[in-house]
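These notes are about the structure you will find just below.
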Amino acid sequence: MLKKQKKNTIRTSRPQGSQGQFKRNSLVISRRQRETEQHKQSVAQRQNDQRRARARQMRLRRGIVAIALVVAMTVVYGLSIRSVRVQAAVSTTHLRQEYKQRIESYIASKVALRQSWLVDDAQLLEYIQEEYPEVKVVSTEARSLVGGALDATIRFREPKYIWRAANGTKFIDKDGVLFSVNAFTNVDVGSLPVVEDQSPAGSEDGSAVISSKVGEYIAYIYTDVPRLFGPSAQVISVTLPPRARAINAKVSTVPYAIKLSTERGIEQQVAELNELVAYFKDAGIQPAEYVDVRIENKAFYK
1 MLKKQKKNTI RTSRPQGSQG QFKRNSLVIS RRQRETEQHK QSVAQRQNDQ RRARARQMRL
61 RRGIVAIALV VAMTVVYGLS IRSVRVQAAV STTHLRQEYK QRIESYIASK VALRQSWLVD
121 DAQLLEYIQE EYPEVKVVST EARSLVGGAL DATIRFREPK YIWRAANGTK FIDKDGVLFS
181 VNAFTNVDVG SLPVVEDQSP AGSEDGSAVI SSKVGEYIAY IYTDVPRLFG PSAQVISVTL
241 PPRARAINAK VSTVPYAIKL STERGIEQQV AELNELVAYF KDAGIQPAEY VDVRIENKAF
301 YK
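Mapped onto our numbering, the consecutive letters of the sequence shown carry residue numbers 1 to 302.
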């Protein structure tokens, strides 16, 4: 009886758990990939969110800037001067129109963006007086934001004397300022005292040709000196010699000129003149050319 021989077979067996380890590694890799992908997506999402937020902020800023520009332009337009109205007591419309054109020229050349709140009345007055020295005061007022009108009120110099010089006949106000056009309506020019300037060149409009002190002296001469020579006497002229600190006056009832100083008190000089006139009357003296009381306590005549 033959015995069956056992077959010798060699079994190759895998190490236990290797397939599970592979699966675990695959799971770990997949999870990491997902995490990496999710992280990338999260970063991209955050970047997109940031870009959208910046875009919203930019749109908001642009909107605010646009609104601010609209408001600013509205305010600038509302405060801009678009018309000028001149209030002045002048006899002719033509003269008022000239003042208006001068004011408009100032606004166009000196006032930024024609803004009413930037109008400087003092600067405007100087600008006007360069061409029109008869203007004494100018004041402005913006009437409304809608109309854009600027009201300018002008007041004029009041002539106190007629000024006769080599370059013509003009006027002087109480401040001694010279001007050619009398726009002051409430004055009788024919009754104004006459002051004669003997300087060969004459004087320019707008300049102060006499000081306020000399102006007071001239006024005193015209009111007080005639009383010394009788009820019908009047001062017919006052002359300012060139380069001399003196005033020469002519009275209608006597042939001689009266020489007075601008460096002594006028009241004292007139008092001395009164004594001298009384002396002439008592002594029967009649000077033919002049009487000079410029030096204190000394009088000269010829």
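Every residue, glycine too, gets a C-beta built ideally from N, C-alpha and C. Quick caveat, the model's predicted, so the values are computed rather than measured.
Go through its chain and collect everything with a Cβ distance to residue i's Cβ below 6 Å, but skip five positions before and after it.
i	result
N8	Any reading at N8 must be qualified, since the residue scores a pLDDT of 49, below 50, and its modelled position is unreliable; no value is offered.
V137	R155
P133	F179, D205 and G206
K170	W163, L178 and S180
Q97	none
K281	none
P193	Y161 and Y222
For residue i, name the three-state secondary structure that DSSP assigns.
i	result
D121	helix
T140	strand
T352	With the chain covering only 1 through 302, there is no way to say anything about residue 352.
K170	strand
T223	helix
Q269	helix
S80	strand
Q115	strand
A183	coil
I285	coil
A249	strand
S203	coil
A55	helix
Q234	coil
R61	helix
A244	coil
E104	helix
D188	coil
E263	coil
Q216	Looking at the sequence provided, one finds Glu at residue 216 rather than Gln. In this structure, E216 counts as helix in the three-state DSSP scheme.
E296	coil
E130	coil
Based on the DSSP output, what are the partners of residue i in its beta bridges?
i	result
G176	BP columns for G176 are empty, so no partner.
E357	The question about residue 357 has no answer here: the residues shown for the chain are numbered 1 through 302.
V291	I258 and Y301
D151	R85 and E141
Q208	Residue identity differs from the one stated: residue 208 is Ala in this sequence, not Gln. V177.
V135	F156
Cβ of residue i within 9 Å of Cβ of residue j?
i	j	result
I81	A122	no
I247	Y217	yes
R85	A183	no
Y301	L276	yes
V189	P159	yes
Y222	V209	no
S261	R294	yes
S83	G148	yes
S199	R243	yes
S116	L150	yes
V270	Y220	yes
A165	S212	no
E267	R245	no
L240	L273	no
Y290	K259	yes
K110	Y99	no
D175	G230	no
T185	V90	yes
V119	T93	no
For residue i, which residues in the same chain have their Cβ closer than 8 Å to its Cβ, ignoring the five residues on either side in sequence?
i	result
E130	G206
A108	R114
R102	Y127, I128, E131 and Y132
A288	P255, Y256 and K302
A283	none
M1	In this prediction, M1 scores a pLDDT of 43, lower than 50, which makes its location untrustworthy; the coordinate-derived value is nonetheless stated afterwards. Counting only Cβ-Cβ distances below 8 Å, and skipping sequence neighbours, we find nothing.
For residue i, collect the residues of the same chain with a Cβ closer than 7 Å to its Cβ; drop the 5 residues on either side in sequence, then sort them by chain order.
i	result
L316	Only positions 1 to 302 of the chain appear in this structure, which leaves residue 316 out of reach.
N297	none
S232	T253
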